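Asker: Quick one: this structure, given as structure tokens, is what I'll be asking you about.
Residue numbers (the numbering used here): 216 to 398.
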């Protein structure tokens, strides 16, 4: 970029070229040429000014504390808290080295029962094991994702047995019984 600026100013300085002619020749604005000329006359060099970006609207410490306290908070909720556009918390999360993680640990889990059932499963011969996929419909929602430091884990808990589930296979059975009863 510096060589181009230098060539443009050299073109401007020779043969009585005007701002307009130089701007038209190189397809740039006259104000740009003026800025370059002033900068070169002050400093004697062409140098890009370093861009300093700050998170002006988001307090990084407050955001970090919020992420530790409520890691499963949605982005739109964060934007409402800070009163900023949606991209600002994303940029701040990147700067703080936080990433999105999947959260799924059941509140009602019991490690002892889990170990017992694993032992029972191991005692059954593999040819006698049948896997049944229960395609159930949950009537409740939970937040599947949260944020934590890159490389760290997040421990969110969701209810597993709090609400009833309707199994699709059961639903078809109920519908069949209902149809048979109407005949």
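By construction, the Cβ of each residue, glycine as well, lies at the ideal position given by its N, Cα and C atoms. Computed from a prediction, not measured in an experiment: that's the story for all the values here.
Applying the 10 Å Cβ sphere with the 16-neighbour rule, what's the burial state of residue 316?
Answerer: Classification of residue 316: buried, given that the 10 Å Cβ count is 16 or more.
Asker: Buried or exposed: residue 453, going by 16 or more other Cβ atoms within 10 Å of its Cβ?
Answerer: Residue 453 lies beyond the range of the chain shown here (216 to 398); nothing can be said about it.
Asker: Determine the direct distance from the alpha carbon of residue 236 to that of residue 230, and round the result to whole angstroms.
Answerer: Whole-angstrom Cα-Cα distance: 11 Å.
Asker: Residue range of the beta strand (DSSP E) that residue 301 falls in?
Answerer: No beta strand (DSSP E) holds residue 301; DSSP gives it neither H nor E.
Asker: From residue 412 to residue 283, what distance separates their C-alpha atoms?
Answerer: Because residue 412 is not part of the residues shown, which for the chain are 216 to 398, the question remains open.
Asker: Just verifying my parser: in three-state terms, what is the DSSP assignment at residue 221?
Answerer: Correct three-state label for residue 221: helix.
Asker: If residue 297 sits next to residue 272, beta carbons under 8 Å apart, how far is it from one beta carbon to the other, in whole angstroms?
Answerer: About 6 Å separates the two Cβ atoms, so the contact holds.
Asker: Looking at residue 241: is its Cβ nearer than 8 Å to the Cβ of residue 260?
Answerer: Against a cut-off of 8 Å, the Cβ pair of residue 260 and residue 241 comes out as no contact.
Asker: For residue 248, count neighbouring Cβ atoms within 10 angstroms of its own Cβ and tell me buried if that reaches 16, exposed if not.
Answerer: Residue 248 comes out buried.
Asker: DSSP puts residue 317 in a beta bridge; with which residues?
Answerer: Paired residues: 360.
Asker: Find the nearest neighbour of residue 305 within the set 323, 279, 324 and 326, judged by alpha-carbon distance.
Answerer: Nearest C-alpha to residue 305: 279.
Asker: Does any CB atom of chain D fall closer than 8 Å to the CB of residue 280?
Answerer: Reference to chain D is not applicable here, since this structure consists of a single protein chain.
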